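Residue numbers (our numbering), protein chains in the order written: chain A, 1 to 318; chain B, 1001 to 1503.
These notes concern the structure reproduced below.
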Amino acid sequence: MHPVLRAILYRAAQALLVALLVGVLTFLMMQSLPGDMAFRIAAGRYGYDAVNAQAAEAVRLELGLDRPALEAFGAWFLDLMRLDFGTSVISGAPVMDEIRHQLGASLQLALAALALSLLIGPPLGILAGLRAGGWLDRALLVVSTALRSVPQFLMGLILIVLVSIQLGWLPAAGYGRAEHFILPALTLALGLAAVSARIARDAMAAVAASPHYAFGRWKGLSEWQLLRRHGLRNIGVAMVTYLGLQFAMLVEGVVVIESIFGWPGIGHALVHAIFGRDVPMVQGTALLLGLGFVALNAMIDLTARWIDPRNPDSRRQG
Amino acid sequence: MQRLLAPAALAALLSPVLPAALHAGDGVLDVVAPFEIKGADPVASGSIFIKMDIAETLVNADAEGRLIPGLALDWQPTDDGLEWRFRLRDDVLFHDGTPFTAEAAARALDVARAKPGLLETAPITEIAAEDGALVIRLSEPFAPLPAFLSEYRSLIYAPAAYAEDGSVSEVIGTGAYRVTRLEAPLRLEAEAFADHWDGAPAIERATYQAVGRAETRALLAESGDADYVFNLDPASVARLSGRDDVSVLSVSVPRSLLIKVNAGHPALSEPEARRALSLAIDRAGLAEAILRYPAAADQILPPSVSDWHSDTVEPLAHDPQAARNLLAELGWAEGPDGILTRDGERFSLTLTTYPDRPELPLSAAVLQQMFADIGVEVVIDSTNSSEIPVRHGDGTLDIALIARNFALVPDPVGTFLTDYAPTGDWGAMNWDSAEFADLIRGLARGEGGQAERDRAIDILQTELPVIPVAWYQQTAAVSAGITGAVVDPYERTIGLRQIRWAE
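Structure (structure tokens):
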């Protein structure tokens, strides 16, 4: 079997297993959470001013919460087989719509942050790695350590105060227009760039110190040709693998930034869904996130395989 | 320093691509508040659609809580009080272009009353459309009915908004603004509705953004991104008050910080024990330290709710020594660890509260200290708000710290009825005052007046089924770029329809 096909089949099997595990685990976890589910849902729906025993009773009746748990799980699983995620017990909207909006918003923000961090981190890292020990390298070490050590919420607040309040250039928070992306994405990107710059720097320094790089220089290639032909591809594998990891962390970890910037993200949605015992929403979100990570891993594998000069697939194209 | 310079440098790099002052004067009125949009259903998020002037109720309330016409022009009960007739405006269109009729109002209210809410608790037997008027029939006289119809859950959508089973998937109101984009949970966009019965509003476009963090809301006011910001935290009020381009409005609201007491608890069943707890509380200190405004409650409702604030009751006081004496008279004596004991039982209580309002757990911690001072041990359990009705129901609640809104309808009698006549999930527990319940039910039927209300407050003050701690204020930051915004003590409106851009 072709190795690429085999890799894809392997990931597909993994996806199926993840779906099953996530479904069962989220269901068991939601069942084992403390408190009366009808009351928690009523509080999530109507708020603390209006939650009371009547509201909870109405919720219990409406959602049939008295039926056995296993029956509820069976119903969810059958719906899932038909690609139906059900409706949120809090908002009454289809879970798929809610996830599309909120996971979509998180993905957009994560992608923007990643793109921005790519513009900042790796170029600086490569420059620093080419002259390991130079002033840029030393300065970058200080700056990236500093950036990495600032907690994200603090970085977010610093940026808001500086850019929105002092300079008045960008909206302080909010959602809906292109300029709303910049501050939250930048907040995330600075933290990411701090690390990706270090990774790029180390990989570049290793490549630049290697004999084949020196040989390239002897045969008369300019520094730019040398970097393009023998440098970028070499550090690419490390970068792609690391970027994949970063992206996964981003989608999960933007909750704080989402809450500071009033961004409608999936982290926020998931937390509220758990508080409100919105089981279909929790199951749907966990499932999509799980599958998303499998897909992401598959993509990283394939990309790394394609970039890696030692790989037979890429040699054919190279 | 590099930490500070790096973002500044990056922002400087980005600046050429951004038009200056994007957010100021963009012709859109931006409202920011902590309340998330749960969906189109009035039961879930009606209060937001009322605030944004998207949907309307039959009856409105002014800043004093007096009922004024909304979609209904006037209303009248029959002599026996069993039938109310609401005459409706005949020049009203829904946002989908269909006319507002008595049938549409009846449909909307029937859906509302089938769902959990205040309307469900009113003694309504039938809602009908007759001769273009809306007729509501009751099983017994019920004076607060018009007030109930001013609540957000009683708002009127077009018939097309409701599915057969009463679920609501679309917002089709009659308000001065109509939704152009609804992105639950955080954002909605609206534009002026040209065919509004009161004429199109001055401001063309408005947005609503839910922002959960108080710091962010204050920053949005400070940066000029938001024109009207709801619910400021105490620290931000101080900071924003110093600015010229933002004014901070605040008003006393009929919401009280209360300790709900299980009067059936062995240690709390004597009124003297509850009075001792009340005497232990330094209300002025707590309000100043946590709410940061002078809001110590000396009875259940503030003077701004004039009908339900009694000038004759003896104000609640702070006197820890008197509290200790009261408890000693009840047979409590200090145990080896400083906590009072009686017949081998320690005076130890679990206080249930919820973090949805950040001041609650903080206040709970302060109360814990104050009660420890008179030898009462308190264990704080900060959990989901629904645990309070749950523990009320199964009898496991000792005490709870709650922020109760008495103005879900502008007439607090509705809240007293559900919470104290005789008990309620968010009011009295294992407390039964036949006199109080009779007074309140009488007032609800439209019988009695100020003397009866004063007597009712006096009963609460002496028996303390709940211990009042503080009165809330509502604060809002309003941009100098607009005029006409109001802070409504009943938290219904922001006056959006009357707001204009400042000259």
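Think of the CB as a built atom: it goes at the ideal place given N, C-alpha and C, for glycine as much as any other residue.
Here the structure is a predicted model, which is why all the values come from computation and not from measurement.
The Cβ atoms of phenylalanine 39(A) and serine 1386(B) lie closer than 9 Å to each other.
Assignment of alpha helix (DSSP H) within the stretch 259-285 of chain A, counting only whole runs of 4 or more residues, yields 266-275 in chain order. Leucine 1118(B) is positioned such that its CB atom lies no closer than 9 Å to that of valine 1390(B). Close to aspartate 49(A), with beta-carbon spacing below 7 Å, are these residues of chain B in chain order: Asn1405 and Leu1408. According to DSSP, alanine 1400(B) shares a beta bridge with Lys1260(B) and Thr1352(B). Chain order gives no chain A residues near glycine 1375(B), where near means a beta carbon separation below 7 Å; the closest approach is about 31 Å. For threonine 1216(B), at least one C-beta of chain A is nearer than 9 Å to its own C-beta.
For glycine 262(A), a Cβ of chain B is located within less than 9 Å of the residue's own Cβ.
The stretch 1393-1400 of chain B and the stretch 1349-1363 of chain B touch, with no fewer than 3 CB-CB distances between them shorter than 8 Å.
Excluding five sequence positions before and after glycine 44(A), the CB atoms of its chain that fall closer than 6 Å to its own CB belong to Ile90 and Gly276, given in chain order.
For proline 3(A), the enclosing alpha helix (DSSP H) starts and ends at 3-32.
DSSP links arginine 1181(B) through a beta bridge to Glu1189(B). Remark: three or more beta-carbon pairs, one from each stretch, lie closer than 8 Å, so the stretch 1476-1485 of chain B and the stretch 1227-1238 of chain B are flagged as touching. The stretch 1236-1244 of chain B and the stretch 1443-1452 of chain B do not touch, with fewer than three beta-carbon pairs separated by less than 8 Å.
Neighbourhood of alanine 132(A) in chain B, by CB distance below 7 Å: empty, with the nearest CB roughly 21 Å away.
DSSP places arginine 1217(B) inside the alpha helix (DSSP H), whose first and last residues are 1214-1223. Inter-residue distance for isoleucine 126(A) and arginine 138(A) is about 13 Å (C-alpha atoms, whole angstroms). Glutamate 223(A) has a beta carbon lying at 9 Å or more from every beta carbon in chain B. For valine 1378(B), the enclosing beta strand (DSSP E) covers residues 1377-1382. With a contact defined as Cβ atoms closer than 8 Å, alanine 1072(B) and valine 1059(B) qualify at about 6 Å. For asparagine 1231(B), there are no C-beta contacts with chain A under 8 Å, since the nearest C-beta of that chain is about 14 Å from it. Classified as exposed, aspartate 1091(B) has fewer than 16 neighbouring CB atoms from the shown chains inside 10 Å of its CB. Straight-line measurement puts the Cα of isoleucine 1499(B) at about 47 Å from the Cα of glycine 121(A). Assignment of arginine 1255(B) by DSSP, reduced to helix, strand and coil, places it in the strand class.
Between the alpha carbons of glutamate 1463(B) and arginine 1275(B) lies a distance of about 8 Å. Ranking Thr1101(B), Ala1061(B), Ser1250(B) and Glu1170(B) by CA distance to the CA of leucine 1149(B) puts Ala1061(B) first. CA-CA distance, valine 282(A) to leucine 25(A), rounds to 11 Å. Here the alpha carbons of aspartate 1198(B) and valine 1486(B) stand approximately 19 Å from one another.
Under the 10 Å beta carbon count, aspartate 1432(B) is surrounded by fewer than 16 other beta carbons and is classified as exposed. In this structure, glutamine 1209(B) and glycine 262(A) form a Cβ contact; the two beta carbons are roughly 6 Å apart against a cut-off of 8 Å.
Contact check for arginine 1255(B) against arginine 1066(B) fails: the beta carbons are separated by 9 Å or more. With contact defined as three or more Cβ pairs closer than 8 Å, the stretch 1358-1375 of chain B and the stretch 1219-1226 of chain B are not in contact.
Against chain B, the CB of leucine 103(A) has no partner CB under 9 Å away; the residue lies outside that interface.
Closest option to alanine 1456(B), judged by alpha-carbon separation, among Gln1299(B), Gln1321(B) and Gln1369(B): Gln1299(B). Around leucine 65(A), the same chain offers Met37 and Ala38 as residues with beta carbons nearer than 6 Å, after the five sequence neighbours per side are excluded.
Asparagine 234(A) sits in a helix when the DSSP states are folded into three classes.
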